[in-house]
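Going down the list, the protein sequences come from chains R and Z. Heads up: the first sequence at position 141 corresponds to 141 in my numbering, and the numbers run straight through without jumps. Basically my numbering = 1-based index in the second sequence + 1000. Since the structure comes first, as C-alpha cells, the remarks are kept for the end.
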Amino acid sequence: MLGRSIGKNSLLLACFALVTAGLLAGTYQLTRDQIELAERAAAQAALFEIIPQEQHTNDLLEDTLVIPQEGWAQLGLNFGGLIHRARQNDQVTAVIIPSVAPDGYSGAIRMLVGVNREGTVSGVRVLNHRETPGLGDKVDLSRSDWILSFDGRALGDPPAERWAVRRDGGDFDQFTGATITPRAVINQVRRTLEYVEENRELLFPESAENGNVSTRETTPSN
Amino acid sequence: MSDTVDYRQISKNGLWTNNPALVQLLGLCPLLAVTGSVVNALGLGLATLMVVTSSNMIVSLIRKGVSDAVRLPAFVMIIAALTTCIELLMNAFTYELYTILGIFIPLIVTNCAILGRADAFASKNKLLPSTVDGLTMGLGFLLVLLAIGAVRELLGSGTLFANMHLLFGEGARGWTLTVFPNYPGFLVAILPPGAFIVAGFLIALKNVIDSGIERRQETRRAKPIKGSKRVRTTGAIS
C-alpha cells in the first residue's frame, strides 16, 4: 500500500520534472538567438562608445588579441581577457583594453580603456562597479560625465605625478564625498597607459605586413 | 466555499486587504533591493505579476491530479520553471534591465507570496478565480513596488521615470521627468535604509486609511441606534 503510493507519487513528480524541463528547453531554444544578439549588441555598444564606428574599418568585436599572461597583473585581470583592435586600412589605430581597478571603495571596478596609436586616451568606460550610489557611482557615464575628463590625455599630459585627484595634488577632479573611487580609476587608467607604452610593439605593429602573428614572434622574449 | 465566486472580494483582497507586500509582508527582499527607481521596480513587478498569475493558472488546472504528499514540490517546480522562462525572455528582450536586476529575477522563485497563493488559493479553486487572484495579488505587489520606487527615485535623484527605455525601447527615452532640476541627491533614499523607511511609511499610511474607514463605518452604524434610543427616552420622560 505504502509502496504503491510512493511509486505513484514519484511517477507523478517525474512527469512534472519532464514537462517543466521541456518547457524550459523550448523557451531556451526560442530565446537563444535573441539573447546572443542582445549580448553582442551590448558588447558592441560599449566598444563603439570608445571608438566611434566611423573611425575604424574592421569588426571591433572579432578583431581581438589575447592578453599575454605577464600583462594580467598590471591590468588588474585575474583571468586574462581580450584586447579589441580598431584598424584603418589594416593599420591598428587604437586598442580597447579591459582593465580592473582593484581598489575601489567597495571592490573592483571593471572598465574598458581605449588608447590611440599616439598614446592618447580615446575613451574610458566603467562596465561594472559596486560603488556607493550617489557618491562613487559618478564614475559611470550615466551618472556624471567625469569619466570623459580622460579623453585626449596621455602619459606625459599631465605628467606622471599629476595623474591624481586634486586633493592629492593632481589634475583630475574628485567628487564631493568620494575620493577613493576616482583615485582608483585614475591610477588604473595610468597603469593601463603604461602597459600600452611598454607593449607598443605587440599592440601597434609598425605596418600591416608584419601584423598579427609575426609581431608576436618579434616581441622580445628575453 | 460557496458556489458563486465573489471576484470583487478576491480583487479587494489582493490589492488592499491582504496585499502581499503591505499586509502579508512577503517578498520583501526584492521589494527593498530593487526599488531604487521606477523602471527597476516596474521591471521586477511585471516579472512577478506574470509568474504569480501563470503559476496560479497552472496550479489550478492540475489541482485535482496532484496528491497532497507531493503538492509542494510540484508547485515549486512549476514556479521555478516559470521564473526561469521569464528570466530567459528578459535576457533576450530587455537585456540592460536584465543586467541591472541581476540576481533578483531568479530570486522570484523564493518569493513566498507566489508559493503562498498557489497553495492557499489556486490549489482549492477553479481556473478563473485563481487567475483573478494571481492577477490582483501580482498587481498589488507591483503597485507597492512602484510606489516605493517612485518615492525613492524622487527623493534620491529628483527625477521620475528615468531610463524607461530599458523596458519600453528607445521611444521611452524622453519620458524622464526632472522634478527638481540640479537636485544634489539624497543618498539615504537610494540606499537600503531608504527602502525600509519608505516601506514603513506606506504600511503606516495603509493602516491610517484602514482605521479611518473603520471609524467612519462605526459612526454610520451607531447613529440610527442612538437616535432611536433618544426618541424612546424623550418619550419616557414626557
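No residue lacks a Cβ here, since even glycine has one placed at the ideal position from N, Cα and C. Being a predicted model, the structure only gives us computed values, none of them experimental.
If you draw a straight line from the alpha carbon of R/N187 to that of R/E36, how long is it in whole angstroms?
-> 34 Å
At a Cβ threshold of 9 Å, is R/E39 touching chain Z?
-> Chain Z has a Cβ within less than 9 Å of the Cβ of R/E39.
Identify the continuous beta strand (DSSP E) that holds R/R110 and give its terminal residues.
-> For R/R110, the enclosing beta strand (DSSP E) covers residues 107–116.
What do you reckon, are the CB atoms on Z/A1189 and Z/A1021 nearer than 9 Å?
-> no
Burial state of R/G116, where buried means 16 or more other Cβ atoms lie within 10 Å | The sequence as given places Asn at residue 116 of chain R; Gly does not occur at that position. Buried, since its Cβ has 16 or more Cβ neighbours within 10 Å.
Cβ of R/Y105 within 9 Å of any chain Z Cβ = no
Determine whether the Cβ of Z/S1123 lies closer than 9 Å to any Cβ atom of chain R.
-> Not one beta carbon of chain R lies nearer than 9 Å to the beta carbon of Z/S1123.
Leaving aside the five residues before and after Z/C1029 along the sequence, list all residues of the same chain whose C-beta is less than 7 Å from its C-beta, in chain order.
-> Taken in chain order, the residues that qualify are L1107.
Considering R/R87, what are the terminal residues of the beta strand (DSSP E) in which it resides?
-> Counting along the chain, R/R87 sits inside the beta strand (DSSP E) bounded by residues 82–88.
Using a Cβ-Cβ cut-off of less than 8 Å, give me the residues of the stretch 47–66 of chain R that come near chain Z, in sequence order.
-> none
So what's Z/N1019 in DSSP terms, helix, strand or just coil?
-> coil
Three CB pairs or more closer than 8 Å across the stretch 1134–1145 of chain Z and the stretch 1040–1051 of chain Z = Touching, yes.
Beta-carbon of R/F16 versus every beta-carbon of chain Z: anything under 9 Å?
-> yes
List the residues of chain Z that R/Y28 touches, going by C-beta distances under 8 Å, in chain order.
-> L1088
According to DSSP, which residues form a beta bridge with R/R32?
-> Beta-bridge pairing links R/R32 to no other residue.
Contacting residues, own chain, Cβ-Cβ under 7 Å from R/L127 (five flanking each side not counted) | A46, R110, M111, L112
Hey, would you say Z/L1166 sits closer than 9 Å to Z/L1097, going by beta carbons?
-> yes
At a CB-CB cut-off below 9 Å, which residues of chain Z make contact with R/A42?
-> Y1095, E1096, T1099
Alpha-carbon to alpha-carbon, R/C15 and R/L2 | As the crow flies, the alpha-carbon of R/L2 is around 20 Å from that of R/C15.
Chain R contact for Z/I1078 (CB, 9 Å cutoff) = yes
Below 8 Å on the Cβ atoms is my guess for R/A271 versus R/Y105; work out the distance and round it to an integer in Å.
-> One cannot answer for residue 271 of chain R here, as it falls past the ends of chain R, which runs 1 to 222.
Of the residues Z/K1206, Z/S1054, Z/A1080, Z/V1034, the one placed nearest Z/T1099, counting alpha carbons only = Z/V1034
Collapsed DSSP secondary structure at Z/F1121 in the structure displayed | coil
At 7 Å on the CB atoms, spell out the chain R contacts of Z/P1073, in chain order.
-> L13
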